[in-house]
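Heads up: the structure comes next, in structure tokens.
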Amino acid sequence: EAGVTQFPSHSVIEKGQTVTLRCDPISGHDNLYWYRRVMGKEIKFLLHFVKESKQDESGMPNNRFLAERTGGTYSTLKVQPAELEDSGVYFCASSQRALLAVLAFGPGTRLTVL
Amino acid sequence: AQKITQTQPGMFVQEKEAVTLDCTYDTSDPSYGLFWYKQPSSGEMIFLIYQGSYDQQNATEGRYSLNFQKARKSANLVISASQLGDSAMYFCAMRGGSFGNEKLTFGTGTRLTIIP
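Residue numbers (my numbering), protein chains in the order written: chain A, 71 to 184; chain B, 262 to 377.
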């Protein structure tokens, strides 16, 4: 079974540019999560999809971040326009059940905004 | 609201010794799950062990065991016979058992370094 995959693995962009991160969850996992770890800080929840619906987007920092999961399969996270403080590692995770289940994480996308 | 506290930012341990990584938690959910993840220098998040709040016995997975003390709200990770490959960041996390609390909440992590 393939794990959670993320693309790209690294992205370096300039302030003001747009970046789109992609996550492909494990097949059959309805629950998809985005997390972010800014340098040296804790891993913070961004949002949770159940299939194509946003279940919880309370962790999205501001309206420069837009997440989609059309068709309930892969998800994208777009940052537009990117700011310096958006630099960090963005993780995607998925699980079959919502409650108490183990989250399988992707390898992360390291975003650097210059 | 859920909260995870890891009070050890860094630890140095001699190879082959056992190590305990501390984790305390707070939640209002009667049902919850506790997790430990390992993040090596390569960056991926590797699931290590899970403990359910109603599990009677402490979870074990190979060299990893979880010392779950419900009354104290602690879920310490014990690694026996540490190896050089255990050097990594370790995150304690919890997930609630009620809708609205299903997101995983992480602690700040402990950087473990195994010394040869």
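Yeah, the Cβ is synthetic: ideal placement off N, Cα and C, and Gly gets one too.
Whose Cβ in chain A lies nearer than 8 Å to the Cβ of Lys299/B?
-> None at all; the shortest Cβ gap to chain A is about 11 Å.
Of the residues Pro78/A, Cys93/A, Phe77/A and Val82/A, which one's Cα is nearest the Cα of Ser164/A?
-> Cys93/A
Coarse secondary structure for Leu184/A, derived from DSSP in three states = coil
Shortest alpha-carbon distance to Leu102/A belongs to which of Gln76/A, Thr182/A, Val149/A and Leu154/A?
-> Gln76/A
So what does DSSP say about Glu122/A, is it helix, strand or coil?
-> coil
Would you say Gly323/B faces chain A, with C-beta separation under 8 Å as the test?
-> no
First and last residue of the beta strand (DSSP E) that includes Glu138/A?
-> Phe135 to Glu138
Establish whether the CB of Gly178/A and some CB of chain B are separated by less than 8 Å.
-> yes
Give the straight-line distance between the Cα atoms of Glu276/B and Gln150/A, rounded to the nearest whole angstrom.
-> 46 Å
Is Val74/A near Phe308/B, with beta carbons less than 8 Å apart?
-> no
Presumed contact (8 Å Cβ cut-off) between Lys85/A and Val183/A, rounded CB distance = 6 Å
What's the call for Ser359/B, buried or exposed, on a 16-neighbour Cβ count within 10 Å?
-> exposed
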